[in-house]
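Following: one structure in structure tokens, then a few remarks.
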Amino acid sequence: MVGRIVEIAEDGRHLSLRRGFLVVGTGHEEIGRVALDSIGAVIVNAHGTTWSNALMIALTRRGVPVVLCGPQHRPEAVLWPVDGHHVQAHRMRCQAEARLPLRKRLWQQLVQAKIRMQGSVVGALGGPEAAFARLARTVRSGDPDNVEAQAARRYWPLVMGPDFRRDPEAPGANALLNYGYTVLRAATARSVMGAGLHPTLGLHHHNRGNPMCLVDDVMEPFRPFVDLTVRTLVRDGLEDLTPPVKQALVAVTTLDLPGPKGTSPLATALDALTHSLATSFEAGSAALDLPTTPTALDLVGCERAQ
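Per the numbering used here, the sequence shown runs over residues 567 to 872.
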């Protein structure tokens, strides 16, 4: 499902429920409202935000994640529903009992897809796409050679320039990446929870303080689309998180991607991937439904449209 990303960015807002709408207000004045059934995620970046319990319950019943962000737009917590799918208990049990070889094969497929997507982005910018396709083919089960990191070392200079360093605490392009990844993480969390999977039980990510390890695993193949959008914005001199810049980053979730069943928005591709992940846990075999790698030409059009 492709839903609206609602961001609360101004301090002192109150969020409440009224006749099927999320209502944003300040004091006794209503500022705006959004139909609950049209919401894909709520991202709270502002200080002093308050909300009603009835609203939180209504959002969780619809599987809408509420993401609470700290400095530099980094997510600190996500509210997720206890009951996200009608066979959630069974799927979580299969997920928890998945053997290491299966988890390694699933991670292999995700890393291969991520590197191929990175290659498409590099190709759209006139770089050596074929080199990334070759790297993707060398990824073994569990990626013991850390080909993902090898690809990253080649990727970032080609996309963001030789002087760029990925630093989540830094402003400018890094802050834009943080925001774009937060939007993507929220969309991925919704899909993971909607598939009846536990977001903490990851395939590869396993930081003991991270409640979204599986979410971070699943979103990996889609990160390059955020990177391309940020690169385009920075190229055009847009390095501050203004409303138009945020809109461009939110629009990544609606990017059309080719797949085995035709073209669909990125958010729909996330739903297909998480469903296939759940069935892989149930069947004990790795068979992920990943989008087809877009051609560099496809992404050139996307890059020019930003």
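All C-beta atoms, glycine included, are put in the ideal place defined by N, C-alpha and C.
A quick note: this is a predicted structure, and the numbers were derived from the prediction, not measured.
Exercise. Return the residue from the list P857, E576, A739 that minimises the CA-CA distance to M785.
Key: P857
Quiz item: Since N744 contacts R640 with CB under 8 angstroms, what's their CB separation in whole angstroms?
Solution: 6 angstroms
Practice problem: For the stretch 819-833 and the stretch 618-637, state whether three or more C-beta atom pairs, one from each stretch, are separated by less than 8 angstroms. | Solution: no
Quiz item: Between the C-alpha atoms of F730 and L843, what's the straight-line distance to the nearest angstrom?
Solution: 34 angstroms
Exercise. Report yes if the C-beta distance between G762 and Q654 is below 8 angstroms; otherwise report no.
Key: yes
Self-check item: Inter-residue spacing [alpha-carbon to alpha-carbon] between G738 and V610
Solution: 20 angstroms
Quiz item: How would you call S851, buried or exposed, if buried means at least 16 neighbouring beta carbons within 10 angstroms?
Solution: exposed
Exercise. Could you tell me whether the stretch 703-710 touches the stretch 666-676, where touching means 3 or more Cβ pairs closer than 8 angstroms?
Key: yes
Quiz item: Are N875 and D782 close, meaning C-beta to C-beta below 8 angstroms?
Solution: The question about residue 875 has no answer, for the chain in this structure spans 567 to 872.
Self-check item: Neighbour-count burial assignment, N740, 16 or more Cβ in a 10 Å radius
Solution: buried
Self-check item: Given 8 angstroms, three or more beta-carbon pairs between the stretch 589-596 and the stretch 716-729
Solution: no
Exercise. Using only alpha-carbon positions, find the residue among S582, V600, A679 that is nearest to R876.
Key: A query on residue 876 cannot be resolved here, the shown segment of the chain reaching from 567 to 872 and no further.
Practice problem: Classify D837 as buried or exposed, calling it buried when 16 or more other Cβ atoms lie within 10 Å of its own Cβ. | Solution: buried
Quiz item: Can you name, in chain order, every residue of its own chain whose Cβ lies under 7 angstroms from the Cβ of E534, other than the five neighbours on each side?
Solution: For residue 534 there is no data in the structure shown, the boundaries of the chain being 567 and 872.
Quiz prompt | Integer Cβ distance of A717 from L794, believed to fall under 8 angstroms | solution = About 15 angstroms; that fails the 8 angstroms criterion.
Practice problem: Using only alpha-carbon positions, find the residue among L602, G803, V687, V800 that is nearest to R628. | Solution: L602
Quiz item: Mapping DSSP to helix, strand and coil, what is G828?
Solution: coil
Quiz prompt | Range of the contiguous alpha helix (DSSP H) that encloses S757 | solution = 739-760
Quiz prompt | Selected residue, minimal CA-CA separation from G692, among Q674, T766, P723, I597 | solution = P723
Quiz item: Taking DSSP as the reference, what is the three-state secondary structure of A620?
Solution: helix
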